[in-house]
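Sequence lines, in order, name chains A, B and C.
According to this note's numbering, the first sequence is numbered sequentially starting from 9.
According to this note's numbering, the second sequence is numbered sequentially starting from 440.
According to this note's numbering, the third sequence is numbered sequentially starting from 26.
Idealized CB from N, CA, C, for every residue including glycine.
Notes follow the structure.
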Amino acid sequence: MSGAPFLATEHWWDLRDLSNISREILEFLDRVGPDWLAYVVSPLIGFVAAFLLFVLPSQLFVGVYGERRLIGRMQSRLGPNRVGKFGLLQPIADAIKLIQKEAITPRGADKWVMWTAPVVFVAPAVLVWAVIPFGPNMVIADIPVGLVYFLAITALPVLAAFMAGWSGNNKYSLFGAMRVVAMAISYEVALVLGLLGVVLFTSTMSLQAIVEWQREHDIWLVFLQPLAFVIYFISASAELNRTPTDIAEAESEIVAGYLTEYSGMKWGLFYGMDIGYALAAAAFGSTVFLGGWSLFGLEEWVPPWLILVAKTHLFYFVFIWTRGTLPRLRIDQLMALAWKYMLPLAAINLLVVAAERLWWHEAGLGDGIVYLFAAANIALALLLVVGWARVLGYRPERVPTRPRLVKHVGGYVAPGAETGGGR
Amino acid sequence: MTEIRSEPFVVNIGPQHPSTHGVFRVKVTVDGERIVDAEMVMGYLHRSIEKLAEERTYTQNIPFTDRTDYLSSMSNNLGYCLAVEKLAGIEVPPRGNAIRVIMAELQRLASHCMAIGAFANDTGAWQTPVMWTFREREKILDLFEMTSGARLTCNYMRIGGVAFDLPKEFEPACRKLLATFPSFIDELHGLLSENEIFIARTRGIAVITPEQAINASLSGPMLRGSGVAWDIRKADPYCGYEQYDFDIPVGYNGDSYDRFIVRLEEMRQSVRIIEQALDGLPGGPYRTEVPLALRPPKGEAYARVEGPRGELGYYVVSDGGPAPFRFHIRPPSFINLSLLKEMTVGGTVADAIVALGSVDIVVGEIDR
Amino acid sequence: MIEGAGPVAAFWGLSALTLLAAGGVVVSRNLFHAVLFLIVVFLGIAGFFLLLSADFLAMAQVIIYVGAIAVLILFAIVLTPRASRDNAETRMAPVALVAGVAVAGLLIPAILDAEWRTLSSAPALPVSDLGRELLGVWVLPFQLASVLLTAALVGAVVLVRSPREEREEIDEEERR
């Protein structure tokens, strides 16, 4: 990147690339302190910066406040609007309330496990941000296996949820624990297979390199891998327990699932970090599928981290939207969706990608071919989604959505009988 | 091959549970997620209304009927007043009857709004349908407030007619509501009836065959959902229902989805009835004058109305005194619940919640 | 060998953590706690892999052992009747002790006897090389393992299918 007039410079005050500041600090520490100091401080700076600049504000004001306001709009009500201007201080008021509430530990509960579960739940939510690239230089740890790292870290909260459900000594909690584990295992398989398609195309597992690949080829992976994107979205919302798939804390069925016995800030940690995970999933999804911090050249004019933040919040908005609209699936239906529907589709997708990739490289085709692949894959994805549903015996038009109308009382009205009513 | 079995255990759904619609309890025995046995436990909201009513005069009993099924107080008022009028041989003027029809049908709209919203909530549609239906229900309650002064427990019907005449701003307000209501029903139809997840959750769940439904003496949307065309408004007309043109919606298989679409269609039919009643609203008195301390002749009377939940019957016995000798309510949701075990056993816990939601219970009416 | 204060501290810290957790697995009376300790052991081992610059292996360790195997064990505990009796009344302790001593007797001489090649710098092992090796030289064992796992999966499905479900399925097909 050079030559353009508005390029990010290397001055510390250039906010378009926030890594300048941390580099300045680290160079200063290197000069004055022992050489290990910079090593210890650099990840801390990264996490603190990522948290203070992005995660915490997003969590509080987009996750807690924005989500509630938006859902309020969708439900034709106002949402929080009392505390502070427009109710903006509501998240803080909530936090204060949660902290001073009593954290009850029921008699008969496994006390230690119950107290450790929120901690186990919070730690991965922080660690996840290590591999998300916010800009060309703004990534805490650009490890070559960033994608696998993300998957590994997000496997941990399942354990915390299970611990929470088991330790509460409550049957509803146990239900929630069993559901969360069953669902996490099922959706992990489809998720990994779907993401493999992405890895095959880009032939790298580093998130930074995936963004660079999308920049170089001027195409987002969502167009090349629409099926993988859909699978990612559904799996992510299943693992995050968001509404169409929130069977683990299904309020109308099992009260609050694995959180039934939690109260006060112990519950608050779960609630807050749920939003943190949703944001992380949105950031990861926008990095892998939506071009990350790049926006077809605009990243040279606008701070790249702002682009990523905008994309993340847009992605998160879709989570909110589905939450405000859809009813919940039953557990066996969710399992069927994962194993009978998404898993075969992901496998087919993988085969298609492998064939395309092989053809591309063996035949030595130019980079322009990706647009052809994109068109082909979008068509194929639509075909597969509809076709596989047909294979599984789904016929939408068979379901009448209006009842029959009868003019006169009588006994049982057999199907196909003359009803005499009209509309 | 021997069957691998897990250990069954008992889960109490209720009395404090988000989906029991009040203090109602189902003791279910589950094997994993599958229900092998279900036992209903009720009586947490028993207030002894039937006995209390034997100590009050006939007019004083009207507010009690508000509090049995608090989601359809107008229908309850109406059922009770009809029973007493039958007992004492009182005629209601035509205007009173038309107002009663309008109120009863508005009440059906309000109650079905609640039923559909709560049912959607039970399937896990996170609060959105219930908020939308509550928005519309509020408009109906505004109309009730305009006429009776109360929103929930209206206490509006009187023996011999209604308590007050319709205020003059009622008709335009009601017409405004009726003009927007069908589009709201279409909205709900789009949000829920045609929603794949909603269909997947409710279709084929808690099936009641027509034989079962008739044997268990079900009524209302529960019976019609099973495909039985039965409606007291047509079978045993009261308040001049025979002059209005409307249809009875009936379902196909008797599953939860059918009960839902029947309720939705009933709302459309109610709108039709109210429009006709408003168009042909007669003048004249709205109430026959009845002595305050009414002493009906010795005898007994049973009057029934098609409440939002089904056949709502009031049975009153008089010994010639100012208070009923015996007072009994036939609560539709209590009798509709009698098939709950058959509806839930064999399904999952999630299905049980949907089954319970599709019955549309009001615990105040079950326990009385 | 390991150089610098950081890696040394990390090595000893991880060793202590792993060993303590392993002790916890053995000593813990509560089955559920034992599994939680086992998870800490897995995480510790992942840490060792990281220390050896084998980051892909570390991630795989976390995904497979923590994310899948430990969770499956937990699931098995929940689904087991009388899991709450824990391992207090078990009579397998002497057998386990003998088996443990036997394994240790095999492994410790082997470890002491082996000539460990030490590298001055960790080789960067790209994932692509790993994949090429797996699907090239080691393709047969790789395939065998996959077939074995698939067979186990199918076997598990067949085992847990109850006769009632089978009947229901046949009925459903007939209805169609």
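Minimum Cβ-Cβ distance from residue i to chain A less than 8 Å
{"i": "Val179/C", "result": "no"}
{"i": "Leu44/C", "result": "no"}
{"i": "Ala170/C", "result": "no"}
{"i": "Met84/C", "result": "yes"}
{"i": "Phe623/B", "result": "no"}
{"i": "Gly749/B", "result": "no"}
{"i": "Gly92/C", "result": "yes"}
{"i": "Asp470/B", "result": "no"}
{"i": "Phe167/C", "result": "no"}
{"i": "Val701/B", "result": "yes"}
{"i": "Tyr691/B", "result": "yes"}
Whole-angstrom C-beta distance between residue j and residue i, which should lie under 8 Å
{"i": "Met479/B", "j": "Asp806/B", "result": "Their Cβ separation, rounded to whole angstroms, is 11 Å, which puts Met479/B and Asp806/B out of contact at 8 Å."}
{"i": "Cys678/B", "j": "Met596/B", "result": "Not confirmed; about 10 Å, so no contact."}
{"i": "Trp301/A", "j": "Pro408/A", "result": "So it is not a contact: roughly 50 Å between Cβ atoms."}
{"i": "Pro736/B", "j": "Gly722/B", "result": "Wrong, their Cβ atoms sit about 32 Å apart, outside the cutoff."}
{"i": "Gly80/A", "j": "Leu86/A", "result": "6 Å"}
{"i": "Ser695/B", "j": "Ala645/B", "result": "5 Å"}
Residue i vs residue j beta-carbon contact at 8 Å
{"i": "Ser811/B", "j": "Phe558/B", "result": "This structure leaves residue 811/B out entirely; chain B is present only between 440 and 807."}
{"i": "His551/B", "j": "Arg734/B", "result": "no"}
{"i": "Phe463/B", "j": "Val802/B", "result": "yes"}
{"i": "Ala264/A", "j": "Thr253/A", "result": "no"}
{"i": "Met213/A", "j": "Val147/A", "result": "no"}
{"i": "Pro475/B", "j": "Pro447/B", "result": "It is worth fixing the name first, because residue 475/B is Val in this sequence and not Pro. Yes."}
{"i": "Pro763/B", "j": "Asp508/B", "result": "no"}
{"i": "Ala236/A", "j": "Val188/A", "result": "no"}
{"i": "Ile102/C", "j": "Phe57/C", "result": "yes"}
{"i": "Arg412/A", "j": "Pro688/B", "result": "yes"}
{"i": "Ala589/B", "j": "Val784/B", "result": "no"}
{"i": "Leu795/B", "j": "Ser514/B", "result": "no"}
{"i": "Ile792/B", "j": "Ser175/A", "result": "no"}
{"i": "Phe129/A", "j": "Leu248/A", "result": "no"}
{"i": "Ile624/B", "j": "Arg506/B", "result": "no"}
{"i": "Ala522/B", "j": "Ala742/B", "result": "yes"}
{"i": "Leu203/A", "j": "Val96/C", "result": "no"}
{"i": "Gly284/A", "j": "Ala133/A", "result": "yes"}
{"i": "Trp339/A", "j": "Ile239/A", "result": "Reading off the sequence, residue 339/A comes out as Ile, not Trp. Going by C-beta atoms, Ile339/A is not nearer than 8 Å to Ile239/A."}
{"i": "Tyr753/B", "j": "Gly535/B", "result": "no"}
{"i": "Ala244/A", "j": "Gly92/C", "result": "no"}
{"i": "Val156/A", "j": "Leu351/A", "result": "no"}
Beta carbon proximity, residue i to chain B, threshold 8 Å
{"i": "Ala258/A", "result": "yes"}
{"i": "Pro114/A", "result": "no"}
{"i": "Ser10/A", "result": "Annotation note: pLDDT 39 at Ser10/A (below 50); position unreliable, coordinate value reported separately. Chain B, which has no Cβ nearer than 8 Å to the Cβ of Ser10/A, makes this no."}
{"i": "Val188/A", "result": "no"}
{"i": "Ile262/A", "result": "yes"}
{"i": "Gln67/A", "result": "no"}
{"i": "Thr251/A", "result": "yes"}
Beta carbon proximity, residue i to chain C, threshold 8 Å
{"i": "Leu167/A", "result": "yes"}
{"i": "Tyr47/A", "result": "yes"}
{"i": "Trp221/A", "result": "no"}
{"i": "Trp174/A", "result": "yes"}
{"i": "Glu196/A", "result": "yes"}
Check: residue i C-beta below 7 Å from any heavy atom of the ligand MN
{"i": "Ala794/B", "result": "The model on display carries no ligand, and the ligand MN is accordingly not part of it."}
Legend entry - Stretch-stretch touch, CB-based, cutoff 8 Å, three pairs: the segment 655-665 of chain B with the segment 743-750 of chain B: yes
Inset, instruction - Could you please tell me which residues of the segment 561-583 of chain B, in chain order, have their CB closer than 7 Å to any CB of chain F? - result: Going by chain labels, chain F is absent from the structure shown, which instead holds the protein chains A, B and C.
Inset, instruction - May I ask you to list, following chain order, the residues of the segment 328-361 of chain A that have a beta carbon less than 9 Å from some beta carbon of chain B? - result: Arg331, Gly332, Thr333, Leu334, Pro335, Arg336, Leu337, Arg338, Ile339, Asp340 and Gln341
Legend entry - Contact list for the segment 141-163 of chain A against chain C, Cβ threshold 8 Å: The residues in question are Ile151, Pro152, Val153, Val156, Tyr157, Leu159, Ala160, Ile161 and Ala163.
Inset, instruction - Determine, using beta-carbon pairs with one atom in the segment 711-723 of chain B and one in the segment 675-687 of chain B, whether at least three such pairs fall under 8 Å. - result: yes
Legend entry - contact_flag[the segment 98-116 of chain A, the segment 32-51 of chain C] where n(CB pairs < 8 Å) is 3 or more: No: fewer than three Cβ pairs fall under 8 Å.
Inset, instruction - Give the residues from the segment 659-673 of chain B that approach chain A closer than 7 Å (Cβ to any Cβ), ordered along the chain. - result: Gly666, Val667, Ala668, Trp669, Asp670 and Lys673
Legend entry - Residues of the segment 406-419 of chain A with Cβ closer than 9 Å to any Cβ of chain B, in chain order: Val407, Pro408, Thr409, Arg410, Pro411, Arg412, Leu413, Val414, Lys415, His416, Val417, Gly418 and Gly419
Inset, instruction - Report yes or no: do the segment 208-228 of chain A and the segment 175-185 of chain A share at least 3 C-beta pairs separated by less than 8 Å? - result: no
Inset, instruction - May I ask you to verify whether the segment 65-73 of chain A touches the segment 94-109 of chain A, counting CB pairs closer than 8 Å and requiring at least 3? - result: The answer is yes - the segment 94-109 of chain A touches the segment 65-73 of chain A, with three or more Cβ pairs under 8 Å.
Legend entry - Contact list for the segment 614-640 of chain B against chain A, Cβ threshold 9 Å: From the segment 614-640 of chain B, only His628, Leu630, Leu631, Ser632, Glu633, Asn634, Glu635, Ile636, Phe637, Ile638, Ala639 and Arg640 have a Cβ closer than 9 Å to chain A.
Legend entry - Where the segment 364-398 of chain A meets chain B: residues whose CB sits under 9 Å from a CB there: none
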